[in-house]
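Here the sequence shown stands for residues -1 to 265, numbered as in the numbering used here.
Note that the Cβ used here is the ideal one computed from N, Cα and C, for glycine as well.
Worksheet for the structure shown next.
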Amino acid sequence: MHSIIRQSPRVSRVRAFTLIELLTVIAIIGILAAIIIPTVGRVRASARTVTCKSNLRQIAIAALMFADERGFYPPSRAVQNGGSGVAASDNNNAGSLLWPQTLRPYLGSKTQLNADKIYGTGNAVGVCPGRLYIPPVAEETNLVSYAAHPAIMVDDSKDSAGIGKKPLRQGAVPRPTQVILFADAAQQTQGGAQSNFYNVTEATSTVATDSSGATPIATSSDEPDPTSKAIFRYRHPGDTINVAFVDGHVGQFKKGEILGRNVHIGY
């Protein structure tokens, strides 16, 4: 009688990675990460810059639409509803209306916000995605990141003598392709910018005052600073700032490139 010999199934062995192979794979992953991560960062920064320029273009076009209808440029702050514009309290109630509120109807919103809700979430077009400081969620605000030229979009609230500035008529700005109307502005401690640039006037202040307008204007710190008011903010890659010009087109400057001719309207 023949005995049946059962052969055990052959066990296949899986070859393990050697230490050198593992180290090689890890090195390759590290190299790829070193290449990809900075690229992703640059792409994101570029996307934020594009969005910022789009915001500025929309805001500038809204201001020009206002000017087309009224014959003058919108004020950076206007007195309304019986407010005097003199008392400090008028800056925070229905007595004052800042340009983000004034331009809301031209930006696709029919809702008029109260002054204390000026930076509500519906006004995201006024927020630069590249801003350095984002307020706590508890504040429930999207603070505006841009400021307007004070000699073009004037503050028509009244001074202590009850005298306000007259709005600037449309077409009164020389070199509309060179003069800045809106730009990235320095953030204050609460995260938002002032409504206009405090250090840019018709022909005086810290900016260039020579007749050629060829002197660079002063730059500012890129950190939130309550003493900086609404100075230009170079918050984009390469120390650049996005701006919208009086004719509605947008552009970008590096530090030291903004000249007197880009801000002065007196010549």
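Comparing alpha-carbon positions, the option among C50, L20 and P36 lying closest to H234 turns out to be C50. DSSP places T238 in the uninterrupted beta strand (DSSP E) bounded by T238 to F243.
Here G264 carries a coil assignment [DSSP, helix/strand/coil].
In its chain, beyond the 5 residues on either side, P73, S74, K163, P165 and L166 have a beta carbon closer than 7 Å to the beta carbon of V152. Comparing alpha carbon positions, the residue from I33, I57, D237 and I34 closest to S193 is I57. When the five nearest sequence neighbours on each side are left out, the beta carbons in the same chain lying within less than 6 Å of the beta carbon of G249 are those of V241, in order along the chain. Note: N194 is bridge-paired with A146 in the DSSP secondary-structure output. If you draw a straight line from the Cα of E67 to the Cα of Q168, it is about 10 Å long. The Cβ atoms of V177 and V244 lie closer than 7 Å to each other. Residue state for L257 is assigned as strand, using DSSP reduced to three classes.
Taking 7 Å as the cut-off, the Cβ atoms of I59 and G246 count as close. With 16 or more other Cβ atoms inside 10 Å of its own Cβ, T47 counts as buried.
Across the set G258, H262, L179 and A183, the C-alpha of A183 shows the shortest separation from the C-alpha of I229. DSSP places Q99 inside the alpha helix (DSSP H), whose first and last residues are W97 to T100. Judged by DSSP in its simplified three-state form, L179 adopts strand.
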